[in-house]
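Input: a single structure, listed below in structure tokens.
In our numbering, the protein residues as written are 45 to 503.
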């Protein structure tokens with residue numbers, strides 16, 4: 045099922061008894077985050093939350109809406125993310141002569157689901173420009189944070205030369221009702237656009253969107269090739285055309301069904317200290333200079349809902365968003381490197397891209413494999429890669445540990461380069477693997493009922 049906006053998704057979750065409304069008054073300073081944290085850790089069956097009475101704001105706050113594998117799959121319009129991975133893998137077969145980036149660009153453009161710019165947009169129903177960011181229930185999540193943050197905003201930018209828009213998921217610190225700071229990594233789409241506008245000495249238009257189609261919220265957190273826009277990718281995955289509309293103060297186009305649209309400019313060279321910010325490492329990212337956004341307008345739809353996510357020590361909602369990225373990145377990795385069998389990023393290290401990778405490449409040296417993996421978009425920043433044989437069950441962590449500790453030798457099996465490490469836990473080529481005799485095992489299975497053992501006791 046495709047969800048055109050956040051509120052339809054929330055209604056669907058509530059109908060499935062997977063959402064709790066909190067009507068009691070909640071403080072956005074620490075208290076709301078403490079509630080969300082407990083639910084992410086397992087309270088209330090990890091259900092989504094709708095805080096209807098956040099102090100200082102008339103806008104309800106939605107949290108943890110992507111807080112399970114099942115809900116992320118729902119947001120992407122499927123029962124299981126593997127359905128999308130299979131479709132992507134099948135579509136990539138028609139582009140065997142291209143690299144994965146070119147192939148993804150081709151199939152995204154050919155999806156027959158091109159977005160159409162609409163004059164009718166529910167996102168511009170109410171002008172809240174005077175109140176600005178003060179009207180939002182933005183959270184101060186951790187005691188050491190530098191202030192209030194927008195954590196689930198889709199930031200729309202464009203290169204000064206034109207071309208495709210970028211829609212990235214970047215954290216935004218609220219300074220006052222008309223001023224914010226935006227944290228984009230230098231190599232990101234938004235960061236590259238800011239640098240290009242600043243190099244010309246011109247102000248960069250920016251739009252920060254909250255809500256809209258849940259699938260686009262997910263796509264904003266995916267690192268895509270330059271030739272693929274997030275809206276194109278969302279259209280391809282959903283087989284739907286996201287309705288977009290032009291902004292009030294620039295030519296940027298945003299989802300017509302967004303809950304909140306914040307428009308402004310990033311002035312060239314204007315920076316202020318952003319942070320500290322508590323993140324997934326369990327520590328605070330120190331404050332450092334970040335570009336300033338001068339807010340020019342803010343609009344909402346009728347009865348808008350403000351979405352946010354809490355970032356901090358695991359388990360947290362954003363890990364499930366990243367897990368879906370992992371599954372949909374696998375077909376692209378395999379397209380470029382057919383010897384990759386599977387990949388698994390345990391949730392606790394998923395934002396470091398710590399990866400278990402099974403490979404059908406017994407003769408490829410670890411240095412060659414690691415170089416190839418570190419050049420991929422998904423694993424280029426991975427702090428830890430563990431290579432395993434093609435028949436390894438990557439989700440069986442005790443077995444992975446057993447294989448790891450029995451690696452050939454640390455001298456030959458560990459490669460460290462620029463604070464990144466690869467461990468080759470593939471079985472040594474010499475020697476025979478210890479496995480049951482297959483013919484004997486077949487006989488045992490046929491006679492299993494004679495041994496008075498339960499079937500589920502089979503290993």
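Using N, Cα and C, we set each Cβ at its ideal position, and we do this for glycine too.
What you are looking at is a predicted structure, and each value in this text was computed from that prediction instead of being measured.
For residue i, which three-state DSSP category applies?
i           : result
residue 279 : helix
residue 181 : coil
residue 47  : coil
residue 167 : helix
residue 442 : helix
residue 308 : strand
residue 74  : coil
residue 81  : helix
residue 455 : helix
residue 448 : helix
residue 121 : coil
residue 247 : coil
residue 483 : helix
residue 53  : helix
residue 355 : coil
residue 255 : strand
residue 111 : coil
residue 420 : coil
residue 322 : strand
residue 147 : helix
residue 105 : strand
Can you check DSSP and say which residues form a bridge with residue i?
i           : result
residue 335 : 315
residue 225 : 217, 336
residue 201 : 210
residue 192 : 218
residue 371 : Residue 371 pairs with nothing; no bridge assigned.
residue 289 : 298
residue 393 : DSSP lists no partner for residue 393.
residue 65  : 94
residue 161 : 288
residue 464 : 461
residue 344 : 170, 304
residue 402 : 386, 432
residue 238 : BP columns for residue 238 are empty, so no partner.
residue 329 : 321
Less than 8 Å between the C-beta atoms of residue i and residue j, yes or no?
i           : j           : result
residue 94  : residue 106 : yes
residue 359 : residue 84  : yes
residue 188 : residue 320 : yes
residue 230 : residue 257 : no
residue 308 : residue 337 : yes
residue 466 : residue 429 : yes
residue 514 : residue 260 : Coverage of the chain is limited to positions 45 through 503, which leaves residue 514 absent and any answer about it impossible.
residue 345 : residue 169 : yes
residue 254 : residue 175 : no
residue 274 : residue 211 : yes
residue 64  : residue 109 : no
residue 131 : residue 99  : no
residue 301 : residue 166 : yes
residue 451 : residue 433 : no
residue 125 : residue 365 : no
residue 310 : residue 247 : yes
residue 443 : residue 397 : no
residue 385 : residue 431 : no
Does the Cβ of residue i have 16 or more other Cβ atoms within 10 Å, making it buried, or fewer, making it exposed?
i           : result
residue 245 : exposed
residue 495 : exposed
residue 454 : exposed
residue 339 : buried
residue 399 : buried
residue 394 : buried
residue 356 : buried
residue 4   : Past the boundaries of the shown model lies residue 4; the chain is included only from 45 to 503, so the question cannot be answered.
residue 439 : exposed
residue 427 : exposed
residue 446 : exposed
residue 493 : exposed
residue 306 : buried
residue 330 : exposed
residue 209 : buried
residue 478 : exposed
residue 422 : buried
residue 371 : buried
Kindly indicate if chain B contains any beta-carbon less than 8 Å away from that of residue i.
i           : result
residue 296 : The chain inventory of the structure shown lacks chain B, comprising one protein chain alone.
Exercise for the section: Kindly confirm or deny that the segment 367-385 and the segment 151-162 touch, where touching means at least three C-beta pairs closer than 8 Å. Expected result: no
Problem - Contact between the segment 68-76 and the segment 182-194 (3+ Cβ pairs under 8 Å) - result: yes
Exercise for the section: Please confirm if the segment 160-177 is in contact with the segment 308-318, defined as three or more CB-CB distances below 8 Å between the two stretches. Expected result: no
Practice task
State whether the segment 202-210 contacts the segment 233-240, with contact taken as three or more CB pairs (one from each stretch) at a distance under 8 Å.
Solution key: yes
Practice task
Could you tell me whether the segment 97-114 touches the segment 340-349, using the rule of 3 or more Cβ pairs below 8 Å?
Solution key: yes
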